[in-house]
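Notes follow the structure.
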Amino acid sequence: MSININDLKKKLIYRSNYRGTKEMDSLLRSFTRKYLNTFNEEGAVEWSAKNLIVATGTYEKIIPFEGWTTPGIIGLAACTIMLKSHQTVPGNKIILSGNGPLLILVAYYVLKFGGKVDAIIDTSSKIKWMQSMFSLILNLKNFIQGISWIFKIILSKVPIYSNSLVTKATKTKDGISIEIQNIKNKKIKLLDTEVLAVGHGLTPSTDITRLLRVDHVYNELKGGWIPKLDKYFRSSMKGLYITGDGAGISGAIAAEDKGELAAYALLKDQNIINEKEFINKTGKILNRLK
35 MSININDLKK KLIYRSNYRG TKEMDSLLRS FTRKYLNTFN EEGAVEWSAK
85 NLIVATGTYE KIIPFEGWTT PGIIGLAACT IMLKSHQTVP GNKIILSGNG
135 PLLILVAYYV LKFGGKVDAI IDTSSKIKWM QSMFSLILNL KNFIQGISWI
185 FKIILSKVPI YSNSLVTKAT KTKDGISIEI QNIKNKKIKL LDTEVLAVGH
235 GLTPSTDITR LLRVDHVYNE LKGGWIPKLD KYFRSSMKGL YITGDGAGIS
285 GAIAAEDKGE LAAYALLKDQ NIINEKEFIN KTGKILNRLK
């Protein structure tokens, strides 16, 4: 029996619409092997299933500082969603603070959509920027894209404060006053802007898997503690599959491939597809994830 993944997606979408979209947005409260209890503004809803694929994604890490809840300060990941999904710049002028490749990505899109990046404040060094780019050299497309982002930032003459972090933010008449400090020499500098987007990486969302007491392992490169899985994203609990960035940080493109592997593993475990079809379907996906 041949399974088309696109047909499967359509069936799942139809089912979610049939159940009601409000229910699909409900908050997970507790889960056992057969029952999923959720709730929304209309009350509690209980779902039953023989198997479950968990794709809880990540949450953003922000290291608190004095004034970090001041209006006009947003998460770097939230800023990314505004830019990529809605082509909306959160302010005419913005300062980006944190670490990791997300700083480069957000700066590029702010400039692309006509905004002004007043500064980039990075806890790491400029050398780390280049190392992160060269780590993509095995993927030529991503490497070229990353280099083009950096060149746009350089050509736009965006000030970059390396080995620095935000220590204080204060609301002013025209926006926000930001105090930054160099981690090495402890020098302090004041900057003014309209919006501050800050983020210090992403952490896999493992609330559900920890509540279920499935086995976990620590992997620093994938975001910290993550569920222990086989290469098809089966967990230590029978019938529970964990995929996407909740199984380890790897990005949106890889998350889709992870989801397909978990779906095929479920179909194989339920004897809906045979071993030959399973190997044929998953082989190319596994090669893409290497």
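Here the sequence shown is numbered in the numbering used here, starting from 35 and rising by one per residue.
Backbone N, C-alpha and C fix where the C-beta goes; we use that ideal spot for every residue, glycine too.
Computed from a prediction, not measured in an experiment: that's the story for all the values here.
In the DSSP assignment, residue 319 falls within the alpha helix (DSSP H) that extends over 309-323. DSSP places residue 94 in no alpha helix (DSSP H) but in the uninterrupted beta strand (DSSP E) bounded by 92-94. Taken atom to atom, the span from the alpha-carbon of residue 246 to that of residue 116 is near 33 Å.
The Cβ neighbour count for residue 241, taken over all protein chains shown within 10 Å, is under 16; the residue is labelled exposed. Residue range 286-303 is occupied by the alpha helix (DSSP H) that includes residue 293. Beta-bridge partners assigned by DSSP to residue 153: 129. With respect to the 8 Å criterion, residue 200 and residue 154 are not classified as neighbours on the basis of their beta carbons. Counting other Cβ atoms within 10 Å of its Cβ, residue 244 stays below 16 and is therefore classed as exposed. Pairing residue 293 with residue 278 gives a Cβ-Cβ distance under 8 Å. For residue 234, there is no enclosing beta strand (DSSP E), as DSSP marks it with neither H nor E. Contact check for residue 224 and residue 107: beta-carbon distance about 16 Å, past the 8 Å limit, so the pair fails to qualify. Fewer than three pairs of CB atoms, one per stretch, sit closer than 8 Å, so the stretch 246-255 makes no contact with the stretch 286-303.
Collapsing the DSSP output to three states places residue 180 in a helix.
When DSSP states are grouped into helix, strand and coil, residue 88 belongs to the strand group. Fewer than three Cβ pairs drawn from the stretch 98-105 and the stretch 132-152 lie within less than 8 Å of each other, which leaves the two stretches out of contact. One Cα belongs to residue 88, the other to residue 226, and the distance between them is close to 42 Å.
For residue 235, the CB contacts under 6 Å within the same chain, skipping 5 residues up- and downstream, are 95 and 134 in chain order. Pairing residue 186 with residue 142, the inter-Cα distance amounts to about 7 Å. Residue 315 is classed as buried because its beta carbon has at least 16 other beta carbons within 10 Å across all chains shown.
Residue 250 is bridged by DSSP to 261.
Under the 10 Å beta carbon count, residue 261 is surrounded by 16 or more other beta carbons and is classified as buried. If you look at residue 111, you'll find it isn't in any beta strand (DSSP E); it sits in the alpha helix (DSSP H) that goes 110-120.
CA-to-CA, the gap between residue 267 and residue 207 works out to about 51 Å.
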